[in-house]
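Data block below; observations after.
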Amino acid sequence: MTRRVLQLLIGLVLYGVGDGLMITAGLGVDPWTVFAQGLARHTGIGVGWITNIVGLLVLLLWIPLRQKPGIGTLLNVLLVGTAIQATVTVIPPVHGLLAQVLVLVAGVLVVALASGLYIGARFGPGPRDGLMTGMNARLGWPIWVSRLTVEVTVLVIGWLLGGTVGIGTVVFALGIGPLVHIALPLLDTARASRSDREAPAQVEPA
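In numbering that gives the first Met the number 0, the protein residues as written are 0 to 205.
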């Protein structure tokens, strides 16, 4: 249990750090962060704090979808945006194409690692992921249709509000799935527990 909690906390903080790195790269971010950037531009509230607020509002949408949050869901709302805000406060915007590309790639890799950590801890999905699974369960929409519909909607709204859409958005969209697919099996606590139970007992030498 201690390992799972620690893995969850590290994963959520790293997710925010990775997202913050993508923001500082200035080459485009994932759809939900584009949305948060657009809202931040018009409200004057920091993008990280907006991310927390949006996460809370998305969580309220779980109610009609009859989704039940886990502790990981609640901590997601509190920690990811806070880590984003801390990162963009400490790290200034990056200039120069090479530096921007390197920071962008680092951000995507950190987000992938973080996703493997917090999903692998198995304390419940994030509010946005739970929205997709709730739409699948209640509306019968395939997961990919639910995700595409929601993410294209928030991306377009965020872009119209002034969020950063660019090559980073495309890199994230194409790269995050395969990278998480690699990271998750390595960090899945349930899989590790099964391996421990199934491992043969060590025989001490005579």
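In this text, a Cβ means the ideal position worked out from N, Cα and C, and glycines have one as well.
Remember, predicted model here, so these are calculated numbers, not experimental data.
Grab the span of the alpha helix (DSSP H) containing W143 for me, first residue to last. The sequence position of residue 143 within the sequence shown is 144, counting from 1. Here the alpha helix (DSSP H) through W143 covers 142 to 159.
Does T1 pass the burial test, meaning 16 or more other C-beta atoms within 10 Å, or should it be called exposed? For the purposes of this step, residue 1 is taken as residue 2 along the sequence shown, with counting starting at 1. With fewer than 16 Cβ atoms within 10 Å of its Cβ, T1 is classed as exposed.
How should G15 be labelled, buried or exposed, when 16 other C-beta atoms within 10 angstroms of its C-beta is the threshold for buried? Your numbering for residue 15 matches position 16 in the sequence shown. G15 should be labelled buried.
Roughly how many whole angstroms lie between the Cα atoms of A85 and V110? The residue given as residue 85 occupies position 86 in the sequence shown. The residue given as residue 110 occupies position 111 in the sequence shown. About 16 angstroms.
CA-CA distance, I118 and I175? For the purposes of this step, residue 118 is taken as the residue at position 119 of the sequence shown. For the purposes of this step, residue 175 is taken as the residue at position 176 of the sequence shown. For I118 and I175, the distance between alpha carbons rounds to 14 angstroms.
Since G165 and G17 should fall inside the 8 angstroms C-beta cutoff, what is the C-beta to C-beta distance between them, to a whole number of angstroms? For the purposes of this step, residue 165 is taken as the residue at position 166 of the sequence shown. For the purposes of this step, residue 17 is taken as the residue at position 18 of the sequence shown. Actually they are not in contact, since the Cβ atoms of G165 and G17 sit about 17 angstroms apart, beyond 8 angstroms.
My output table needs one value for D187: the three-state DSSP class, helix, strand or coil. For this step, residue 187 is matched to residue 188 along the sequence shown. The answer is coil: DSSP assigns D187 none of H, G, I, E or B.
With the cut-off set at 8 angstroms, would you say N51 and L13 are in Cβ contact? Along the sequence shown, read from residue 1 onward, the residue named residue 51 stands at position 52. Along the sequence shown, read from residue 1 onward, the residue named residue 13 stands at position 14. No, Cβ-Cβ distance for N51 and L13 is not below 8 angstroms.
What does the alpha-carbon distance come out to for the pair L20 and L64? As a first step, residue 20 is located in the sequence shown; it is residue number 21 there, counting from the start. As a first step, residue 64 is located in the sequence shown; it is residue number 65 there, counting from the start. For L20 and L64, the distance between alpha carbons rounds to 33 angstroms.
Applying the criterion that 16 or more other CB atoms from any shown protein chain within 10 Å of the CB defines a buried residue, is G43 buried or exposed? Along the sequence shown, read from residue 1 onward, the residue named residue 43 stands at position 44. That one is exposed.
Could you tell me the alpha carbon to alpha carbon distance between L147 and Q36, rounded to whole angstroms? Stepping through the sequence shown from its first residue, residue 147 is reached at position 148. Stepping through the sequence shown from its first residue, residue 36 is reached at position 37. Those two C-alpha atoms are separated by around 20 angstroms.
Leaving out five residues before and five after V87 in sequence, what residues of the same chain have Cβ atoms less than 8 angstroms from its Cβ? Taking the first residue of the sequence shown as 1, we reach residue 87 at position 88. Within the same chain, V87 has close Cβ partners G19, I22, T23, G45, V46, G47.
From W143, V144, T168, pick the residue whose C-alpha is nearest to that of V155; which is it? Numbered from 1 along the sequence shown, position 156 holds the residue referred to as residue 155. Considering only alpha carbons, the answer is T168.
Once DSSP output is grouped into helix, strand and coil, what is the label at A120? On the sequence shown, residue 120 is found 121 positions in, with the first residue counted as 1. The answer is coil: DSSP assigns A120 none of H, G, I, E or B.
Can you tell which of G139, T188, G157, D187 has its C-alpha closest to the C-alpha of A39? Taking the sequence shown and counting its residues from 1, the one referred to as residue 39 is at position 40. Answer by Cα proximity: G157.
Supposed contact pair G129 and T72 - C-beta distance, whole angstroms, cut 8 angstroms: The residue you call residue 72 lines up with position 73 of the sequence shown. The residue you call residue 129 lines up with position 130 of the sequence shown. With a Cβ gap of about 6 angstroms, T72 and G129 count as contacting.
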